[in-house]
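Residue numbering for the sequence shown follows the numbering used here, beginning at 57 and increasing consecutively. Glycine included, every Cβ here is placed at the ideal spot set by N, Cα and C. If you're wondering where the values come from, they're calculated on a predicted model, not measured in any experiment. What follows is one structure encoded as structure tokens, with my remarks underneath.
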Amino acid sequence: MSDSIQQELQKFELPTRTDFPWVGKVITAFGVVLSLLHIWFNTLSTLPELWISATHFAGFAVICALWYPAHISLKKSKIALAVDIVIAIAALACLIYIPFAEDALYERGVKFIASDWFFAILAIAIVIELIRRTMGWFIPMLILVCLSYVVLWGQWASGIFHFPGLSLETLLYRSFYSSEGMFGSISRISWTFVFMFILFGAFLVRSGVGDYIIDVARAAAGKIIGGPGFIAVIGSGLMGSVSGSSVANTVSTGVISIPLMQKAGFPPRFAAGVEAAASTGGQLMPPVMGAGAFIMASYTQIPYVDIIAVSFIPALIYFLSVAFFVRIEAKRSGVQKVTTSSESLLKVLLSGWHNLIPLAVLVTLLVQGFTPTYAAGLSIISVVVASWFSKNHKMGPKAIIEALSQGAKNMATTAVLLVGIGLVINVISTTGIGNTFSLMIDGWANGDLFIMIVLIALASLVLGMGLPVTAAYIVLGTLSAPALYKLLAENQLLELLVAGQLPEQAKAIFMLAAPDKLALLNAPMSLETAKEMVAVVPADFMETLLEQSLGLEAVGLALLSAHLIIFWLSQDSNVTPPVCLTAFAAATIAKTPPMRTGLMAWKIAKGLYLVPLLIAYTGLVSWDVSSVLVTGVFAIIGTYAFIGAIEGYLEGELNVLLRIMLVAIGIALVWPDVSIWIRLACSAAFVAIFVYSGRQSQLANVSASTNKVAS
57 MSDSIQQELQ KFELPTRTDF PWVGKVITAF GVVLSLLHIW FNTLSTLPEL WISATHFAGF
117 AVICALWYPA HISLKKSKIA LAVDIVIAIA ALACLIYIPF AEDALYERGV KFIASDWFFA
177 ILAIAIVIEL IRRTMGWFIP MLILVCLSYV VLWGQWASGI FHFPGLSLET LLYRSFYSSE
237 GMFGSISRIS WTFVFMFILF GAFLVRSGVG DYIIDVARAA AGKIIGGPGF IAVIGSGLMG
297 SVSGSSVANT VSTGVISIPL MQKAGFPPRF AAGVEAAAST GGQLMPPVMG AGAFIMASYT
357 QIPYVDIIAV SFIPALIYFL SVAFFVRIEA KRSGVQKVTT SSESLLKVLL SGWHNLIPLA
417 VLVTLLVQGF TPTYAAGLSI ISVVVASWFS KNHKMGPKAI IEALSQGAKN MATTAVLLVG
477 IGLVINVIST TGIGNTFSLM IDGWANGDLF IMIVLIALAS LVLGMGLPVT AAYIVLGTLS
537 APALYKLLAE NQLLELLVAG QLPEQAKAIF MLAAPDKLAL LNAPMSLETA KEMVAVVPAD
597 FMETLLEQSL GLEAVGLALL SAHLIIFWLS QDSNVTPPVC LTAFAAATIA KTPPMRTGLM
657 AWKIAKGLYL VPLLIAYTGL VSWDVSSVLV TGVFAIIGTY AFIGAIEGYL EGELNVLLRI
717 MLVAIGIALV WPDVSIWIRL ACSAAFVAIF VYSGRQSQLA NVSASTNKVA S
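In structure tokens form, the structure reads like this:
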């Protein structure tokens with residue numbers, strides 16, 4: 057990586073205290089201890105979860121306070137460093153106070169004394185300040201608005217947002233001393249799933265797996281037309297599942313793939329857009345899927361291995377959609393073959409076979425039913441063992457210490473963020489705003505699934521301007537997942553009612569809710585009548601009705617589909633202007649205008665919107681493997697048709713009529729409930745247009761060459 061690129065990339069990194077070497081040494085040592093503590097927490101510890109969560113917060117608060125100054129202008133200030141040392145000590149004091157004061161607090165009947173007030177307010181102030189340093193002002197302001205709503209202005213609000221209010225003492229107790237606020241479920245997810253896999257990623261990177269991934273991508277795609285673009289797609293997909301960060305993914309693979317793409321003849325802005333779109337997709341690629349899959353497993357209570365199983369085909373559709381853009385642009389721009397690797401793919405794979413051991417161990421343990429944290433812990437050990445088969449990256453004590461330290465550093469900002477988001481989630485659950493928001497979305501959508509998805513997408517984009525992807529998914533999932541799940545499940549219930557196929561055990565609910573309409577259930581009915589029947593069922597009975605009508609498996613699938621849709625839509629802020637750091641990082645490497653690069657990345661990442669619609673309307677997410685494969689294959693062809701229509705190009709230029717035909721073909725291939733014969737006919741039509749465009753392009757090239765020779 058050149059010095060100029062390195063300097064530019066530093067714009068996307070937080071300012072750190074590099075002028076005080078002893079601070080770096082302290083953080084390194086502290087990070088090692090913190091990582092070892094978390095490994096113990098997740099394996100052998102029997103400590104109360106509240107104490108572990110408090111340790112998680114205090115430990116990473118120390119790293120953030122010492123490593124990230126309050127402002128870039130203060131990074132060399134000794135006075136600012138002294139203040140931050142006090143903040144770090146204060147965070148540790150908050151941790152120490154909890155176990156010593158907990159019993160006395162409950163003996164008093166949860167009545168605060170002066171020290172209780174002091175440490176609760178101090179801890180909240182510390183987490184808000186550290187999030188401000190590392191994430192900006194949006195999240196701290198969101199936390200303050202939420203906390204003040206509970207105790208102050210909620211009682212002044214009118215309508216559905218009116219909240220009678222809690223006392224400040226009750227709010228502080230729920231926020232700091234209980235397992236509902238800072239140290240609630242989000243914090244538990246942070247110190248278990250998220251930390252263990254970020255640590256696993258740090259070990260993988262330190263063992264040289266990142267270099268191996270790039271070598272494999274080069275060997276796999278480097279010798280074909282458009283190969284450098286495919287390197288970005290393959291490399292970013294594999295690296296993203298390891299790194300857990302879209303920006304880190306862009307930086308690590310983009311410094312190689314973007315210059316290669318430019319050298320081959322791709323337009324610079326397109327090269328940057330491809331890297332940004334592909335790096336964003338890394339968070340969607342099993343088996344790790346960033347932190348989202350772990351949070352999803354906690355929210356839905358669906359096994360993690362099931363989530364990654366149903367996520368593979370959607371991720372494949374997304375990455376192939378990016379690859380289709382690459383292929384079309386390669387043909388249109390006359391991209392030349394660039395030999396980036398003299399070795400065959402098989403040789404490269406075999407030369408680094410040991411790098412596959414940790415991933416194989418991880419997947420095997422997950423499939424065998426071990427918990428994700430246990431699987432991650434054993435996989436970390438397997439990384440060290442596998443590295444001993446390497447010539448250049450053998451991990452000894454020094455490398456292990458570096459990986460432990462780097463894992464803690466990588467986790468620091470995320471840990472503090474998730475602890476702070478716990479305050480927001482606590483307010484949402486305490487006040488019922490989540491249900492209110494769900495009812496609002498449900499009301500605005502008026503039973504229309506497409507409108508609801510559009511509303512969620514808009515909310516995701518707005519939240520993504522101030523929240524990282526993981527936090528945006530947590531907040532949006534809490535607010536809108538219930539409404540989306542309810543609509544997905546109720547649509548299936550309506551289909552049963554319309555077809556007159558409601559199971560007998562479900563009819564008992566209607567017997568209680570609408571006995572006068574019971575006779576209607578024995579025969580097919582209109583959709584309007586079915587909606588009227590569902591409308592009379594009391595809300596308290598609806599969940600039981602859904603379970604008895606659809607079955608527990610179908611209800612669980614509807615819940616998973618709702619969360620997957622939200623999770624996919626939460627990624628769009630990475631590539632959608634005006635705030636799209638992934639695209640900005642790629643633009644820095646390609647030296648292209650950031651905003652125009654963001655627009656290019658947004659166009660290339662259209663799969664982020666197509667796949668959620670497929671999840672909502674088709675059998676793309678299902679336990680029926682044949683249904684998933686059929687839906688996925690036709691969706692891939694349909695996606696290529698859509699992209700060809702957007703670009704006006706396949707193997708050659710397309711006229712308006714052919715572009716319209718491709719749109720119609722694409723719609724038919726992804727539309728639900730279209731017969732297999734129509735889909736086969738549309739697939740054949742697409743192939744015909746594909747071949748025709750290639751021949752027309754060849755004829756045009758021959759004609760141009762002839763004219764050139766004649767002239």
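Within the same chain, and ignoring the five residues on either side of Val472 in sequence, the residues whose Cβ sits closer than 8 Å to its Cβ are Phe113, Phe116, Ala117, Cys120, Val183, Leu186, Ile187, Thr190. Between Glu458 and Asp596, the alpha-carbon positions lie close to 54 Å from each other.
With respect to Ser617, Ile671 sits close: the two C-beta atoms are nearer than 8 Å. Looking at the DSSP output, Glu709 sits in a beta bridge with Tyr705. Scanning Val758, Ile692, Trp733, Phe742 for the CA closest to the CA of Val726 turns up Ile692. As for any alpha helix (DSSP H) of minimum length 4 sitting wholly inside the region 252 to 329, the runs are 265 to 277, 283 to 299, 302 to 320, ordered along the chain.
Counting only runs of 4 or more residues that sit fully inside the region 481 to 534, the alpha helix (DSSP H) segments are 489 to 501, 505 to 520, in chain order. For Tyr374, the uninterrupted alpha helix (DSSP H) run begins and ends at 360 to 389, by DSSP. Residue environment for Val382: buried (at least 16 other C-beta atoms within 10 angstroms of its C-beta). In the DSSP annotation of this structure, the continuous segment of the alpha helix (DSSP H) that includes Tyr430 starts and ends at 428 to 443.
Ala642 and Gly310 do touch by the CB rule: their CB atoms are close to 5 Å apart, below 8 Å.
Counting along the chain, the unbroken alpha helix (DSSP H) around Cys150 starts and ends at 134 to 163.
Distance check between Ile128 and each of Asn305, Ala332, Asp75 places Asp75 closest, using alpha-carbon atoms only. Just so you know, the alpha carbons of Ala527 and Leu474 end up roughly 7 Å apart. Within the model, the alpha-carbon separation for Thr469 versus Asp729 is close to 46 Å. Measuring C-alpha to C-alpha distances from Lys131 to each of Arg73, Leu148, Phe168 identifies Arg73 as the nearest. Secondary structure at Cys636: coil, using DSSP grouped into helix, strand and coil. Listed in chain order, the alpha helix (DSSP H) elements of length 4 or more contained wholly in the region 73 to 105 are 77 to 97. By alpha-carbon distance to Val378, the top candidate from Ile699, Ile477, Leu706 is Ile699. A residue is called buried once 16 or more other Cβ atoms fall within 10 Å of its Cβ, and Tyr268 is buried on that count.
Using a Cβ distance threshold of 8 Å, Ala569 and Ala332 do not count as a contacting pair. DSSP, reduced to helix, strand and coil, places Trp727 outside both helices and strands of the structure shown, so it counts as coil.
Secondary structure note for His619: its alpha helix (DSSP H) is the uninterrupted segment 608 to 625.
For the pair of segments examined, the region 643 to 663 was found not to touch the region 673 to 681: the number of CB pairs separated by less than 8 Å stays below three.
Out of Ala591, Gly390, Val344, the CA that lies nearest to the CA of Gly257 is found in Val344.
If you compare the alpha carbons of Asp140, Leu106, Trp123 with that of Ile152, the shortest gap goes to Leu106.
For Val593, the number of other beta carbons within 10 angstroms of its own is at least 16, and it is reported as buried. Ser243: member of the alpha helix (DSSP H) spanning 241 to 245, first to last residue. Shown here for Ala657: same chain residues with a beta carbon closer than 6 Å to its own, the five before and five after excluded, namely Gly329, Ala332, Ala333, Val631, Ala639 in chain order. Rounded to whole angstroms, the Cβ separation of Pro633 and Gly654 is 4 Å, and the two are in contact under 8 Å. For Ala564, the closest alpha carbon among the candidates Arg274, Thr687, Leu602 is that of Leu602. Nearest to Gly607 by C-alpha distance, out of Leu637, Leu620, Ala562, is Ala562.
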